[in-house]
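Asks: Please find one structure pasted underneath; my questions will follow.
There are 2 protein chains.
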Amino acid sequence: MFLPDWLKHYEKGQLNGDLIAGIIVAVVLVPQAMAYGLLAGLPPEVALYSSVLPLILYAAFGSSRTLAVGPVGLMSLMTGATLIELGINDLPGMISAAHTLALLVGTILLLMRLARLGVVINFLSHPVISGFISASAIIIALSQMKHIFGLNISLGLPAYETLAQLLIQLPQSDLAASVIGISSLVLLWAFKAPLVSFLSKTSISEGVAQLISKSGPLVAVAISTSIVYFLNLDTQHQVSIIGKIPPGLPEIILPSLDKALILKLLPSAFLIALIGYLESVSIAKSMASQKRQKIDSNKELIGLGTANIASAISGGYPVAGGFGRSMVNFTAGANSPLASIISAGLVGLTLLVLTPLFFFLPKATLAAIIVFAVLPLIDTHSFKRALAYDKADAFSLLGTFFTVLIIDVESGIIAGVIMSVCLYLYRSSQPHIAIVGQVGNSEHYRNIDRHNVKTDDKIIAIRIDENLYFANTNFLEDTIMQIVADNSAVNHIVLICSSVSVIDTSGLESLEDILFRLRKVGVKLHLAEVKGPVMDRLKGTEFLNNLSKNSIFLSTHQAMQALKSSQQPLS
Amino acid sequence: MFLPDWLKHYEKGQLNGDLIAGIIVAVVLVPQAMAYGLLAGLPPEVALYSSVLPLILYAAFGSSRTLAVGPVGLMSLMTGATLIELGINDLPGMISAAHTLALLVGTILLLMRLARLGVVINFLSHPVISGFISASAIIIALSQMKHIFGLNISLGLPAYETLAQLLIQLPQSDLAASVIGISSLVLLWAFKAPLVSFLSKTSISEGVAQLISKSGPLVAVAISTSIVYFLNLDTQHQVSIIGKIPPGLPEIILPSLDKALILKLLPSAFLIALIGYLESVSIAKSMASQKRQKIDSNKELIGLGTANIASAISGGYPVAGGFGRSMVNFTAGANSPLASIISAGLVGLTLLVLTPLFFFLPKATLAAIIVFAVLPLIDTHSFKRALAYDKADAFSLLGTFFTVLIIDVESGIIAGVIMSVCLYLYRSSQPHIAIVGQVGNSEHYRNIDRHNVKTDDKIIAIRIDENLYFANTNFLEDTIMQIVADNSAVNHIVLICSSVSVIDTSGLESLEDILFRLRKVGVKLHLAEVKGPVMDRLKGTEFLNNLSKNSIFLSTHQAMQALKSSQQPLS
Chain A
819 MFLPDWLKHY EKGQLNGDLI AGIIVAVVLV PQAMAYGLLA GLPPEVALYS SVLPLILYAA
879 FGSSRTLAVG PVGLMSLMTG ATLIELGIND LPGMISAAHT LALLVGTILL LMRLARLGVV
939 INFLSHPVIS GFISASAIII ALSQMKHIFG LNISLGLPAY ETLAQLLIQL PQSDLAASVI
999 GISSLVLLWA FKAPLVSFLS KTSISEGVAQ LISKSGPLVA VAISTSIVYF LNLDTQHQVS
1059 IIGKIPPGLP EIILPSLDKA LILKLLPSAF LIALIGYLES VSIAKSMASQ KRQKIDSNKE
1119 LIGLGTANIA SAISGGYPVA GGFGRSMVNF TAGANSPLAS IISAGLVGLT LLVLTPLFFF
1179 LPKATLAAII VFAVLPLIDT HSFKRALAYD KADAFSLLGT FFTVLIIDVE SGIIAGVIMS
1239 VCLYLYRSSQ PHIAIVGQVG NSEHYRNIDR HNVKTDDKII AIRIDENLYF ANTNFLEDTI
1299 MQIVADNSAV NHIVLICSSV SVIDTSGLES LEDILFRLRK VGVKLHLAEV KGPVMDRLKG
1359 TEFLNNLSKN SIFLSTHQAM QALKSSQQPL S
Chain B
819 MFLPDWLKHY EKGQLNGDLI AGIIVAVVLV PQAMAYGLLA GLPPEVALYS SVLPLILYAA
879 FGSSRTLAVG PVGLMSLMTG ATLIELGIND LPGMISAAHT LALLVGTILL LMRLARLGVV
939 INFLSHPVIS GFISASAIII ALSQMKHIFG LNISLGLPAY ETLAQLLIQL PQSDLAASVI
999 GISSLVLLWA FKAPLVSFLS KTSISEGVAQ LISKSGPLVA VAISTSIVYF LNLDTQHQVS
1059 IIGKIPPGLP EIILPSLDKA LILKLLPSAF LIALIGYLES VSIAKSMASQ KRQKIDSNKE
1119 LIGLGTANIA SAISGGYPVA GGFGRSMVNF TAGANSPLAS IISAGLVGLT LLVLTPLFFF
1179 LPKATLAAII VFAVLPLIDT HSFKRALAYD KADAFSLLGT FFTVLIIDVE SGIIAGVIMS
1239 VCLYLYRSSQ PHIAIVGQVG NSEHYRNIDR HNVKTDDKII AIRIDENLYF ANTNFLEDTI
1299 MQIVADNSAV NHIVLICSSV SVIDTSGLES LEDILFRLRK VGVKLHLAEV KGPVMDRLKG
1359 TEFLNNLSKN SIFLSTHQAM QALKSSQQPL S
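Protein sequence lines, in the order shown, are assigned to chains A and B. Counting from 1, position 352 in the first sequence corresponds to residue 1170 in the numbering used here; the numbering is continuous, with no gaps. Counting from 1, position 88 in the second sequence corresponds to residue 906 in the numbering used here; the numbering is continuous, with no gaps.
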């Protein structure tokens, strides 16, 4: 029988932590899931359905012990944007397309595992991710303002238009909604810092204190729902409420496999899969490293892939590991994925018996919960660091950030990847190339521009600080020919390859070209400090055959000594 | 007064070479230009107009002394394909769009000079260029078969469809056209190898011998035109002929500046400009290096830019430096751009007085001239070399080759660039990382898998053979954590940075992460052999502040000695 690793070695002592963490996460998850459903433009039950079966499947196949899978902000935003972009406006159509999207995301993740394509996330640089997440958080927060102030702003506008609409309409804010929304924000804030510091001074046990401090969203939900119910705010003040959630556990359904729909969803599905995978793996890794556990990227693809397929066939939409809830799970002492299974069970119980309680839940409160969940994702620190350390990275961060805000999330990621790749290639197309000289009488050779070193008119040693590949072959050729043109006495060039780990075909042809051009002007080419793997590949090439014998030296010093002694009879 | 450099220092002795080369190039250029016009689907006079003013402008502004500018195969092919793709079918419309295209190409080249974007050609790797040129040569040769066999195959089909049509229609070949076409091919072949070896055995002077051997196309034109004229093949056998070329020099016109047309032409214009620039610079560099001259890429942009604008305003189409004619110019002894000015003058003279002679020139002969000009461009050698040296490069070569043949030229270039960039990033995302040990009692440290070296249980030195940047940060983290997991006794990790020339923001954050994760498991991180420019940037970062003091060593040996002595009291 198939049993996940963690279950085979489960110890009794782990149960307590898992139980407490499972309960606390469920308390956060139920209101958060409904809020994220709202963000995706989907009814709350779709998001609640996404919080049962996917958690159990991830527990069975994933590699993180504490990752809390389920509806998350980024995936909800991207799902909502995709549906709007495709012009799917009717609720049944949106729900059905959301199931299909989850199925595609899950299938793509499993195919990425099969094709060993998990490495594609390496193409997303940290600054691009940071710019992308900050801008997405702003979009998410902005999109919720209409609920908080009771306004009517269409979904799917670029962020700056949403902001403009918000500013124009603000004077028409609905008083009742605004009071509920803003009070919810204040309550949620109070549950964060002030309550935590108060509880730490009391004699309440840590587990209970955590449960209380994390129950902010649930308390906000309870209070605001009661107020709406008792004051009849929904009928007398048109406060927007959740309404009827159909009771009962999710049923197993087959998502629509309409070919035209699948083709339209595919590009977004790919990006959503990528972002979901990226988010989950980075959270999982950061938690695992604190407990000396290991995250297996391949297992993550399977865990997330099956979780999304589970979501698709149980009436849900795309899921991933969420940052906030995973942190709650981790700090609440979860020891194993059993915690997630307990959370899933509690969400199921909620679906079975508690849905009538949410009828009068005001959307303004859910919106406040979302705003509070995403605000910590706005990350100015990374920008400041990138600006101080590397302007090019700061540039791609800002580029991604503004592309997301001005156009949309998907364009932002694509623009970010293209920018960071082009900037990297541009940088390595003009590598640092130094002429080096001997330090005193030592065997060390250093940059003549940085150190006081001895040089030789006839023998010039050049160190190239980059791989030789297509992007920099022209630069290398031009630089070497310029050095030769500037030093008329030279008759030996030693190319120091200590930093060269790859020579591609363009680089090889360029070396041949340099050899040939130098020979035309009576200069001999030599190589020093060629690495083992590079040398292995050069063997048998025309370049190596054309190079004079004894022209490859282990060290720069050996090269200089040998060439100097070969010159003595002449000079 | 503005005078180009070469003219300021012109010496009498250079005149003889320039005169002979100028005449020989003109002899090649007149029939070749008309043939390339045919390839672009344009009347011969457009191509002849492109062979006057552009040559003079390039002579004034370009940096190569021997580059022969004018109509070339690739540019003609791409121009023809662009016009067909845009659905421009009427001859006046095609001619007018061709002028506008040349204007755009020229403007783009000048703007690239202003924006210092000449470096973009670095993104084209040698294998991609080779695959692109080979496939283009096949497309060009295939496109001419209909003229050689007197068939009717539409222009602008993908290469495999052209081939299929050719095979289907071959039984309906026109006998007269086929005889002329195949005889022309045989004659052109005879003028290459056999005649050259015969002439070298006679006492004819080298200049005259060269003139004779390069006049193959002109002789083919003369003979086939006479045959058509005397046998009335055009009227009695419907052999396709050139017909009337309006006599007279090109007139200065303003190309159409229709906004819709410009917007449609722009993407192709950008690629044509790029390819024309790339082709011209590589030919110019290869010739210059043989005479210790220097090519200034910036001047080339200006030279080619003004040449294209000159072509646009004198009734021509996009031009570039051609490989074949430049070689003819160079080997015929051209010393300066005066040779090109002489060629231009002779083409002008031809336009003034000789155009009636070309009336009966059969298209089959022109097609044979094109086939002969492009066949040497099919380059299997590069593929064999790439396959032997670097499978990834062979893959991008083949990918580009087949994309050009199956889709089109432009898709081929774009696919080639994407493939080569992705393959490079993929390769550097899994860099060579070696654990090193001490060679004997020396100060040298080498890969433990390749050499017999001494290691230490508690101190592991790891050399990373690549820059630390976004594509490989995950790999580095995983590898180091795996090494720590596999070596339970370790408490010091020395990261040898001798091959690290760039650490981008992602790399820096990754180093911090590694530092933090190692600290969690009681392992200290140290750096050795950090390069000057890298160290300069690390100064002041949080990473360097968090690193323990005295954790950066000049050499691996110093690091190992210091850490070993710090261990002694404990072990």
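Note that CB positions come from ideal geometry on N, CA and C, so glycine has one too.
Spatial neighbours of Glu1330(A) within its chain, please: C-beta separation below 8 Å, excluding the five flanking residues on both sides.
Replies: Glu1360, Phe1361, Asn1364
Asks: Are the segment 1165 to 1179 of chain B and the segment 1033 to 1044 of chain B touching, with three or more C-beta to C-beta distances below 8 Å?
Replies: yes
Asks: In chain A, what lies closer than 7 Å to Leu1243(B) by C-beta?
Replies: Phe941, Val1239
Asks: Under 8 Å, Cβ to Cβ, is there at least one residue of chain B near Gly924(A)?
Replies: It does not: the Cβ of Gly924(A) has no partner Cβ on chain B nearer than 8 Å.
Asks: Terminal residues of the continuous alpha helix (DSSP H) containing Arg1245(B)?
Replies: 1227 to 1247
Asks: Counting beta carbon pairs with one atom in the segment 1118 to 1132 of chain B and one in the segment 881 to 890 of chain B, are three or more of them shorter than 8 Å?
Replies: yes
Asks: Who are the neighbours of Asp992(B) on chain A, taking C-beta pairs under 7 Å?
Replies: Correct list: empty, because the minimum Cβ distance to chain A is about 44 Å.
Asks: Which one of Leu1156(B), His944(B), Asp908(B) has the shortest CA to CA distance from Val870(B)?
Replies: Leu1156(B)
Asks: Do you know whose CA, among Lys1112(A), Val1165(A), Ser1154(A), Ala1102(A), lies nearest Phe1141(A)'s CA?
Replies: Ala1102(A)
Asks: From Leu860(A) to Pro872(A), what distance separates their C-alpha atoms?
Replies: Roughly 18 Å between the two C-alpha positions.
Asks: Check the Cβ of Arg883(B) against every Cβ in chain A and list those closer than 9 Å, keeping chain order.
Replies: The premise fails here: Arg883(B) is roughly 16 Å from chain A at the closest Cβ pair, so nothing lies under 9 Å.
Asks: Consider the Cβ of Ala1289(A): report whether some Cβ of chain B lies at a distance smaller than 8 Å.
Replies: yes
Asks: What's the C-alpha gap between Tyr1287(A) and Leu1243(A)?
Replies: Computed Cα separation, rounded: 10 Å.
Asks: In three-state terms, what does DSSP make of Asn1363(B)?
Replies: helix
Asks: List, in chain order, every chain A residue whose beta-carbon is nearer than 7 Å to that of Ser1350(B).
Replies: First, the amino acid is wrong: residue 1350(B) is Gly here, not Ser. Near Gly1350(B) (Cβ distances below 7 Å), the residues of chain A are Asn1265, Arg1268.
Asks: Using 8 Å as the threshold, is the segment 947 to 963 of chain B in touch with the segment 1195 to 1215 of chain B, meaning 3 or more CB pairs across them?
Replies: yes
Asks: Where Ser1015(B) and Arg1281(A) are concerned, what is the direct C-alpha to C-alpha distance, given to the nearest angstrom?
Replies: 47 Å
Asks: Could you spell out where the alpha helix (DSSP H) holding His782(B) opens and where it closes?
Replies: Residue 782(B) lies beyond the range of chain B shown here (819 to 1389); nothing can be said about it.
Asks: Against chain A, does Lys1202(B) count as a neighbour if the rule is that its beta carbon must be under 8 Å from one of theirs?
Replies: no
Asks: Please say whether Leu921(A) and Ala1130(A) have beta carbons closer to each other than 8 Å?
Replies: yes
Asks: For Lys1357(B), count neighbouring Cβ atoms within 10 angstroms of its own Cβ and tell me buried if that reaches 16, exposed if not.
Replies: Looking at its Cβ environment, which holds fewer than 16 other Cβ atoms inside 10 Å, Lys1357(B) is exposed.
Asks: In terms of DSSP beta bridges, what is Tyr1263(B) paired with?
Replies: Gln1256(B)
Asks: Rounding to the nearest angstrom, what Cα-Cα distance links Ile1022(A) and Gln1028(A) in this structure?
Replies: 10 Å
Asks: Per DSSP, what kind of secondary structure is His1199(B) in: helix, strand or coil?
Replies: Three-state DSSP puts His1199(B) in a helix.
Asks: With 8 Å as the threshold, decide whether the Cβ of Gln962(A) is near any Cβ in chain B.
Replies: No, because no Cβ of chain B sits closer than 8 Å to the Cβ of Gln962(A).
Asks: Closer than 7 Å: is that where the CB of Gly1234(B) sits relative to any heavy atom of the ligand GTP?
Replies: The ligand content of the structure shown is nil, which means the ligand GTP is not present either.
Asks: Taking the straight line between their C-alpha atoms, what separation do you get for Val1004(B) and Val997(B)?
Replies: 10 Å
Asks: Which of the three DSSP states is assigned to Phe1371(A) in this structure?
Replies: strand
Asks: Anything in chain A within Cβ reach of Pro1085(B), meaning under 7 Å, just list it in chain order.
Replies: Taking the beta carbon of Pro1085(B) as reference, no residue of chain A falls within 7 Å; the closest one sits roughly 17 Å away.
Asks: Please confirm if Phe1371(A) has its CB atom under 8 Å from at least one CB of chain B.
Replies: no
Asks: Distance check for Ala844(B) and Leu798(B), CA to CA, integer angstroms please.
Replies: No information on residue 798(B) is available, as it lies outside the stretch 819 to 1389 that chain B covers here.
Asks: Considering only residues of the same chain and omitting the five flanking positions on each side of Leu1119(A), which have a CB-CB separation below 6 Å?
Replies: Leu927, Met930, Arg931, Gly936
Asks: Tell whether a beta-carbon distance below 8 Å holds between Val1341(A) and His1375(A).
Replies: With contacts defined as CB atoms closer than 8 Å, Val1341(A) and His1375(A) fail to qualify as a contacting pair.
Asks: Can you list the residues of chain B that Ser1324(A) reaches, using a CB-CB cut of under 8 Å?
Replies: Ser943, His944, Pro945, Asp1211
Asks: Following the continuous alpha helix (DSSP H) through His1055(A), name the residue where it begins and the one where it ends.
Replies: Looking at the DSSP string, His1055(A) is not in any alpha helix (DSSP H), and its letter there is neither H nor E.
Asks: For Phe1201(B) and Asn1290(B), what's the separation of their Cα atoms in angstroms?
Replies: 29 Å
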